[in-house]
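*Asks:* Residue numbers (my numbering): 6 to 158.
Please find one structure pasted underneath; my questions will follow.
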């Protein structure tokens, strides 16, 4: 008889652990997992915007300065229609080049600034707006490259 009462006692005290699982999973997903997925996505999106800027500056360096606006338009259109641009939801109207391409210096360098707005992967409802979690994030990347010779030798 004593043995049975001791089992009943331990069963009642250990049974409450399953009731705490649902709130713990809810907090784990809402506070840790989903923001972590968004953070990884924003890191990837920044890398892809940097790569877009790298492609633009590399192409601008081998072209004459009069073709710079056409080069930027063409590269943006091609990049947004491929896998990288489509994956992060990048469209041509969401890409800007303030000031276009700037040429100058000695030796001659080309500088381009790319500003892109990226929506978050998952919209997480928070009370305050947070870029990358429930608001679009804007990335600005600037890089320079030496201008090719263009047959001046």
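Just so you know, even glycine gets a beta-carbon here, dropped at the ideal spot from N, CA and C.
This one's a predicted model, so the numbers in the text were calculated from it and none came from an experiment.
Between which residues of its own chain and residue 139 is the CB-CB distance below 8 Å, once the five residues before and five after are set aside?
*Replies:* 125, 128, 129, 130, 131
*Asks:* Please report the straight-line C-alpha distance between residue 89 and residue 103, rounded to a whole angstrom.
*Replies:* 23 Å
*Asks:* In angstroms, rounded to a whole number, what distance separates the CA positions of residue 74 and residue 106?
*Replies:* When rounded, the distance between both Cα atoms is 8 Å.
*Asks:* For residue 87, which of helix, strand or coil comes out of DSSP?
*Replies:* coil
*Asks:* Can we say the stretch 116 to 123 touches the stretch 43 to 58, given the rule of at least three CB pairs closer than 8 Å?
*Replies:* With the rule of 3 Cβ pairs closer than 8 Å, the stretch 116 to 123 counts as touching the stretch 43 to 58.
*Asks:* Across which residues does DSSP place residue 142 in a beta bridge pair?
*Replies:* As computed with DSSP, residue 142 is found in a beta bridge with 123.
*Asks:* Using a 10 Å radius around the Cβ and a threshold of 16 neighbouring Cβ atoms, would you call residue 30 buried or exposed?
*Replies:* exposed
*Asks:* Cutting at 6 Å between CB atoms, please list the residues of its own chain near residue 46, excluding the five before and the five after it.
*Replies:* 126
*Asks:* Would you tell me roughly how many angstroms separate the C-alpha atoms of residue 64 and residue 76, rounded to the nearest one?
*Replies:* 7 Å
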